[in-house]
Amino acid sequence: MKKTLIIIALTVMLTNPVRAQLLPILGAQRAGITTAQFLKIGVGARANAMAESFTAVGNDAYALFYNPAGITEFDKSELAIARSEWLVGLKHDFIGGVYHLDAQNSFGVSLISLQSDDMPVTTEFQPYGTGAYFKYSDLALAATYARRMTDKFSFGVSVKYVYETLADVKMRGVLVDLGTFYWTGLGTTRFAVAVSNFGGQLTPSGSVELVDGTSVSKFQSFSPPTIFRIGFAFEPYQDEANKVTTSIQLNHPADNSENLSLGAEYSYSSTFFLRGGYKINVDEQNYSVGAGVRVDARFALVYFDYAFTPYQRLGDVHRFSLNLGF
Numbered sequence: 001m002k003k004t005l006i007i008i009a010l011t012v013m014l015t016n017p018v019r020a021q022l023l024p025i026l027g028a029q030r031a032g033i034t035t036a037q038f039l040k041i042g043v044g045a046r047a048n049a050m051a052e053s054f055t056a057v058g059n060d061a062y063a064l065f066y067n068p069a070g071i072t073e074f075d076k077s078e079l080a081i082a083r084s085e086w087l088v089g090l091k092h093d094f095i096g097g098v099y100h101l102d103a104q105n106s107f108g109v110s111l112i113s114l115q116s117d118d119m120p121v122t123t124e125f126q127p128y129g130t131g132a133y134f135k136y137s138d139l140a141l142a143a144t145y146a147r148r149m150t151d152k153f154s155f156g157v158s159v160k161y162v163y164e165t166l167a168d169v170k171m172r173g174v175l176v177d178l179g180t181f182y183w184t185g186l187g188t189t190r191f192a193v194a195v196s197n198f199g200g201q202l203t204p205s206g207s208v209e210l211v212d213g214t215s216v217s218k219f220q221s222f223s224p225p226t227i228f229r230i231g232f233a234f235e236p237y238q239d240e241a242n243k244v245t246t247s248i249q250l251n252h253p254a255d256n257s258e259n260l261s262l263g264a265e266y267s268y269s270s271t272f273f274l275r276g277g278y279k280i281n282v283d284e285q286n287y288s289v290g291a292g293v294r295v296d297a298r299f300a301l302v303y304f305d306y307a308f309t310p311y312q313r314l315g316d317v318h319r320f321s322l323n324l325g326f
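At position 287 of the sequence shown (counting the first as 1) the number is 287 in our numbering, and the numbers step up by one without a gap.
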């Protein structure tokens, strides 16, 4: 009798109407409700090769983007530069720097840019162009401070100024990133939580002239693309020459359904690196791969990384990044 009741209960729970209430798929309902979408594009070839499962791994200057607390997790001051040939001909760039004030306090600055080439203005009556051109441009400038509170726990905060422009319409705002980094004390396991792009609604300004000559200068406000990340990482194997780092990360975006990122990195003598990652419950893109090399130059430690990310219908993305450790 008990087995029969359990089977009946499971059957009812797994029917579509009940399952939709217990496990709602919220991506479709929330899609398109936020602005400043360029803030969702991952930076750094190393992180992107690991499917952006980087919140609990980030121990280089690219932690400025993923988890501000992570800039306390490396000793040298760093300069990071990344370039992506993004989709549909857009150019995505990142530059960031981290300076360690002392053993506990670190400071960083970063800049993100997404630019298009000039595009012709078209109308219903001039579909081949009016002779005028416009441009799409995004910019985010951030300042980051992080402090190592204990030998196991760090906290960080970033304040960023966001500027977005499309032709004569512009949008400005100030957003905040918060992050924590915690070493559990069990081997190399660590746990990290970060909230990115938190802030008030953003409203465009400027005016648009319609075909009939009327001008529109009032626009709807939109929320920023806030995302909440929880990450866990550890090294399942390491010796004097080899090290394997694995990570898992749950992502909760404000404008889409939750998704999971899995990442792994193999390091040989801290000189050669192979990486891979996989995203679960993400449209268009799932796996990513990459490689890197470290060169001990006289003036700095130089890291060069590459990542390949295929999109099913939109094309492939190649990312290159350079780190200098002083």
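By construction, the Cβ of each residue, glycine as well, lies at the ideal position given by its N, Cα and C atoms.
A quick note: this is a predicted structure, and the numbers were derived from the prediction, not measured.
Please classify K135 as buried or exposed, where buried requires at least 16 other C-beta atoms within 10 Å of its C-beta. Around the beta-carbon of K135, fewer than 16 other beta-carbon atoms lie within 10 Å, marking it exposed.
Name, in chain order, the residues that DSSP records as bridge partners for V121. Residue pairing of V121 in beta bridges, as defined by DSSP: absent, with no partner found.
Rounded to the nearest angstrom, how far is the Cβ of G58 from that of E78, given a contact under 8 Å? Actually they do not touch by this definition, with Cβ atoms about 12 Å apart.
Where in the region 121-145 do unbroken runs of the alpha helix (DSSP H), each at least 4 residues long, occur, reported from the N-terminal end onward? Fully contained in the region 121-145 is no alpha helix (DSSP H) run of length 4 or more.
Using the beta-carbon count (16 or more within 10 Å), is I280 buried or exposed? Under a 10 Å Cβ-count criterion, I280 is classified as exposed, with fewer than 16 other Cβ atoms of the shown protein chains found around its own Cβ.
contact_flag[the region 206-213, the region 165-176] where n(CB pairs < 8 Å) is 3 or more: Taking 8 Å as the limit for Cβ pairs, the verdict is that the region 165-176 does touch the region 206-213.
In terms of alpha-carbon separation, which member of Y66, V211, S110, T184 lies closest to P127? Selection Y66, V211, S110, T184 evaluated against P127 yields V211 as nearest (Cα-Cα).
Is the distance from the Cβ of A192 to the Cβ of G156 below 8 Å? No, these two residues do not count as a Cβ contact at 8 Å.
Neighbourhood of Q115 by C-beta distance below 6 Å, restricted to the same chain and skipping five residues each side: Cβ within range, chain order: K91, S137.
Taking buried to mean at least 16 other C-beta atoms within 10 Å of its own C-beta, is Q21 buried or exposed? Only weak support exists for where Q21 lies, its pLDDT of 36 falling under 50; the value from the coordinates is given anyway. Exposed, by the Cβ-count rule.
E284 to G325 span [Cα, whole Å]: Roughly 35 Å between the two C-alpha positions.
Are the region 262-274 and the region 285-300 touching, with three or more C-beta to C-beta distances below 8 Å? The region 262-274 vs the region 285-300: in contact.
Using the C-alpha atoms, what's the distance from A80 back to Y145? Approximately 17 Å, taken between the alpha carbons.
Are the beta-carbon atoms of K160 and A132 separated by less than 8 Å? A132 sits away from K160, with the two beta carbons spaced by 8 Å or more.
Check whether the region 194-202 touches the region 223-241, counting contact only when three or more Cβ pairs, one atom from each stretch, lie closer than 8 Å. They touch, by the three-pair rule.
Classification of L23 by the beta-carbon crowding that lies within 10 angstroms, buried from 16 upward: Any answer about L23 is weak, because its pLDDT of 37 lies below 50 and its placement is not dependable; what the coordinates show is given next. Looking at its Cβ environment, which holds fewer than 16 other Cβ atoms inside 10 Å, L23 is exposed.
Using 8 Å for Cβ pairs, my map puts S247 next to A56. What's the rounded Cβ distance? Indeed they touch by this definition, with Cβ atoms about 6 Å apart.
Could you please give me the residues that DSSP links to S221 through a beta bridge? By DSSP's assignment, S221 forms no beta bridge with any residue.
Terminal residues of the continuous alpha helix (DSSP H) containing R46? Residues 45-49.
Return the CA-CA distance between F320 and P236, expressed in angstroms with no decimal places. F320 and P236: Cα-Cα distance of roughly 28 Å.
Please report the Cβ distance between T180 and S154, rounded to the nearest whole angstrom; I am assuming they are in contact, meaning their Cβ atoms lie under 8 Å. The Cβ separation is near 7 Å, so the contact holds.
For R46 and F125, what's the separation of their Cα atoms in angstroms? R46 and F125 have their C-alpha atoms roughly 47 Å apart.
DSSP state of Y66 mapped onto helix, strand, coil: DSSP, read as helix, strand or coil, puts Y66 in helix.
Would Y311 pass as a contact of L87 if the rule is Cβ separation under 8 Å? Cβ distance < 8 Å, so Y311 and L87 count as in contact.
Give me whichever residues DSSP pairs with N251 in a beta bridge. N251 is bridged to R229, N259.
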